[in-house]
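Working notes for the structure below.
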Ligand SMILES: Cc1cc2nc3c(=O)[nH]c(=O)nc-3n(C[C@H](O)[C@H](O)[C@H](O)COP(=O)(O)OP(=O)(O)OC[C@H]3O[C@@H](n4cnc5c(N)ncnc54)[C@H](O)[C@@H]3O)c2cc1C
């Protein structure tokens with residue numbers, strides 16, 4: 001009987017009385033908009049160019065297809081029960097709207113293990129620790145130890161101009177000793193925190209603690225540089241607890257699709273958008289046949305680099321914002337293995353290995369632990385590294401992923417079965433991973449798209465401060481539905497800002 005939390009309330013009143021909305025793009029934003037507009041009595045049509053819904057919310061399974069702009073068709077040949085998430089793979093605990101829709105749509109969630117102290121840092125070709133598999137916990141604890149030791153020493157010797165009282169200094173030193181695991185002399189020595197070279201066991205087996213690396217070894221190997229150290233795990237969005245949809249993130253898109261199946265036209269590629277004096281006309285090609293539709297209003301969720309190539313009669317400001325949009329280059333590859341050697345041989349259950357080579361990251365699956373086979377992400381990279389692998393043929397990408405990955409996991413050679421890669425900046429329906437803004441473009445280009453251009457509204461992750469997250473698509477859909485409903489039902493509705501409560 002309790003009302004849902006205010007952040008999730010979306011109790012719009014009034015009725016759309018069958019007024020028509022054409023929605024361009026059947027990703028999360030487009031389908032959520034249709035789902036909410038249906039509830040309010042509007043007549044929606046979603047035009048989606050792909051033969052599937054979901055857009056970037058896509059899990060690659062046996063038979064999945066993709067064609068990239070400089071590579072031909074690729075078909076996944078994974079085992080039937082295996083998949084990898086080519087787009088979204090994790091949901092932060094503070095993305096309340098994403099969690100809300102999973103609940104409302106009946107999509108079960110499970111914990112996504114984003115942080116794993118037993119995964120590796122692997123610095124290729126750099127310094128004394130070059131080409132050595134180093135457990136994340138070893139570097140975390142060594143760096144915590146050395147930096148707290150340095151700071152404790154500086155405070156002891158009054159070398160910090162802090163204005164601390166003696167009592168404050170004692171409190172800070174006591175915290176530093178606990179945080180860094182320092183000994184009574186305030187020195188960092190080996191401790192069980194960084195793991196064992198011989199595990200503790202029965203009878204007299206007390207375990208053997210591993211020795212720390214020296215600070216200069218760590219420094220010289222680049223392990224304090226942004227390629228490695230806590231690049232991900234400390235950011236707000238990537239802090240545990242994180243979730244994933246059971247059975248693949250595409251379950252979220254599939255659940256939405258069920259709700260809007262009657263509205264959804266697949267294989268319908270939008271060719272032009274024309275604002276009329278009243279209403280809007282959209283031409284599209286459906287299975288090779290040119291068609292058109294008119295509606296009272298349009299909601300366009302097509303990613304901006306794709307929209308830039310579509311004919312329209314938008315204003316100069318809007319047109320420029322679309323044409324100058326910037327999206328990230330990002331690539332992922334799923335690798336199927338005969339056996340979960342990362343679990344069986346190396347006790348890695350989920351989490352991420354970081355490396356400075358082209359792979360950038362290897363992601364281990366957070367599902368089906370201790371199963372027989374599995375798919376891991378052979379790479380997940382961005383910007384220049386994503387561009388470099390994206391420029392390769394599918395086969396050359398695989399050769400690279402296997403050769404670089406084998407440096408970390410020599411088991412690749414015997415256990416590899418098959419692969420599928422996606423370079424999102426080469427996917428014609430997206431032409432990029434997600435929108436990237438500077439503080440300057442937020443003030444200029446971004447602003448122009450927050451308002452409708454006559455009868456056409458814009459929505460999608462790119463119109464939020466939640467870029468790279470499904471939460472952006474959900475939030476944007478709700479926001480545009482409120483605007484459209486306010487206009488057509490002539491009610492003044494303020495969209496509730498759903499700020500995360502952290
Ligand atoms: C590599 C990667 C990792 C990510 N990781 C996460 C994550 O861990 N967690 C998370 O929450 N989010 C993640 N995201 C972000 C998330 O996937 C997106 O923010 C969200 O799915 C965007 O939804 P959308 O509806 O705005 O856009 P899209 O999903 O891109 O939908 C736009 C739709 O428009 C269609 N379209 C394009 N051209 C036309 C045309 N001419 N005619 C008709 N239709 C057209 C497209 O086919 C597509 O279906 C990730 C994204 C990527 C790429």
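In full-length UniProt numbering, the protein residues as written are 1 to 502.
Each residue gets a CB set at the ideal place from its N, CA and C atoms; glycine is no exception.
Residue nearest to residue i in terms of C-alpha spacing, selected from the options
| i | options | result |
| --- | --- | --- |
| residue 88 | 488, 477, 479 and 472 | 472 |
| residue 240 | 363, 27, 432 and 351 | 351 |
| residue 156 | 172, 146 and 145 | 172 |
| residue 412 | 366, 336 and 77 | 336 |
| residue 26 | 20, 35 and 18 | 35 |
| residue 151 | 49, 176 and 253 | 176 |
| residue 216 | 234, 147, 205 and 180 | 147 |
| residue 288 | 12, 46 and 50 | 50 |
| residue 79 | 417, 194, 208 and 463 | 417 |
| residue 195 | 63, 140 and 59 | 140 |
| residue 405 | 279, 392, 373 and 360 | 360 |
| residue 334 | 302, 401, 306 and 290 | 401 |
| residue 331 | 362, 407, 19 and 163 | 362 |
| residue 273 | 314, 19, 129 and 266 | 314 |
| residue 135 | 197, 86, 110 and 187 | 197 |
| residue 466 | 211, 409, 153 and 237 | 237 |
| residue 86 | 377, 396, 382 and 441 | 377 |
| residue 71 | 303, 410 and 396 | 396 |
| residue 383 | 47, 161, 367 and 358 | 358 |
| residue 324 | 261, 441 and 259 | 441 |
CB-CB length for residue i against residue j, believed under 8 Å
| i | j | result |
| --- | --- | --- |
| residue 328 | residue 434 | 6 Å |
| residue 120 | residue 133 | 5 Å |
| residue 326 | residue 386 | About 14 Å; that fails the 8 Å criterion. |
| residue 54 | residue 253 | 3 Å |
| residue 242 | residue 90 | 5 Å |
| residue 375 | residue 97 | Residue 375 to residue 97, Cβ: 29 Å. No contact. |
Cβ neighbours of residue i in the same chain (closer than 8 Å, five flanking residues each side left out)
| i | result |
| --- | --- |
| residue 74 | 65, 66, 67, 68, 394, 420 and 421 |
| residue 179 | 144 and 148 |
| residue 526 | The displayed coordinates of the chain run from 1 to 502. Any statement about residue 526 would go beyond what the structure contains. |
| residue 210 | 138, 190, 194, 195, 196 and 197 |
| residue 307 | 300 and 322 |
Contacting residues, own chain, Cβ-Cβ under 6 Å from residue i (five flanking each side not counted)
| i | result |
| --- | --- |
| residue 32 | 474 and 477 |
| residue 126 | 221 and 222 |
| residue 213 | 142 |
| residue 255 | 105 and 107 |
| residue 297 | 21, 455 and 484 |
| residue 228 | 121 and 354 |
| residue 398 | 419 |
Assigned secondary structure, residue i (DSSP; H/G/I helix, E/B strand, else coil)
| i | result |
| --- | --- |
| residue 177 | helix |
| residue 498 | Any reading at residue 498 must be qualified, since the residue scores a pLDDT of 46, below 50, and its modelled position is unreliable; no value is offered. |
| residue 120 | strand |
| residue 263 | helix |
| residue 418 | strand |
| residue 57 | coil |
| residue 399 | helix |
| residue 321 | helix |
| residue 457 | strand |
| residue 372 | coil |
| residue 1 | Note that residue 1 has pLDDT 49, beneath the 50 cutoff, so the model's placement of it is unreliable and the number below is only indicative. Reduced to three states, the DSSP call for residue 1 is coil. |
| residue 136 | helix |
| residue 439 | helix |
| residue 269 | strand |
| residue 242 | strand |
| residue 423 | strand |
| residue 464 | coil |
| residue 129 | coil |
| residue 353 | strand |
| residue 378 | strand |
| residue 364 | coil |
| residue 484 | helix |
| residue 445 | helix |
| residue 489 | coil |
7 Å Cβ shell around residue i - same chain, five flanking residues per side excluded
| i | result |
| --- | --- |
| residue 225 | none |
| residue 169 | 155 |
| residue 348 | 116, 118, 119, 342 and 364 |
| residue 437 | 446 |
| residue 502 | For residue 502, the predicted model reports a pLDDT of 36, less than 50, meaning its position is unreliable and no value from the coordinates is stated. |
| residue 390 | 329, 331, 423, 425 and 426 |
| residue 464 | 472, 475 and 476 |
Any non-hydrogen atom of ligand 3 within 6 Å of residue i CB
| i | result |
| --- | --- |
| residue 301 | In terms of ligand content, the structure shown lacks ligand 3 and carries ligand 1 instead. |
Completely contained alpha helix (DSSP H) runs for the stretch 161-228, where each covers 4 or more residues: Listed in chain order, they are 166-180 and 215-220.
Segments of 4+ residues assigned as alpha helix (DSSP H) that fall wholly inside the stretch 282-348: 304-307, 316-323 and 341-344
Length-filtered (4 minimum) alpha helix (DSSP H) runs lying within the stretch 14-90: 28-39, all fully within the stretch 14-90.
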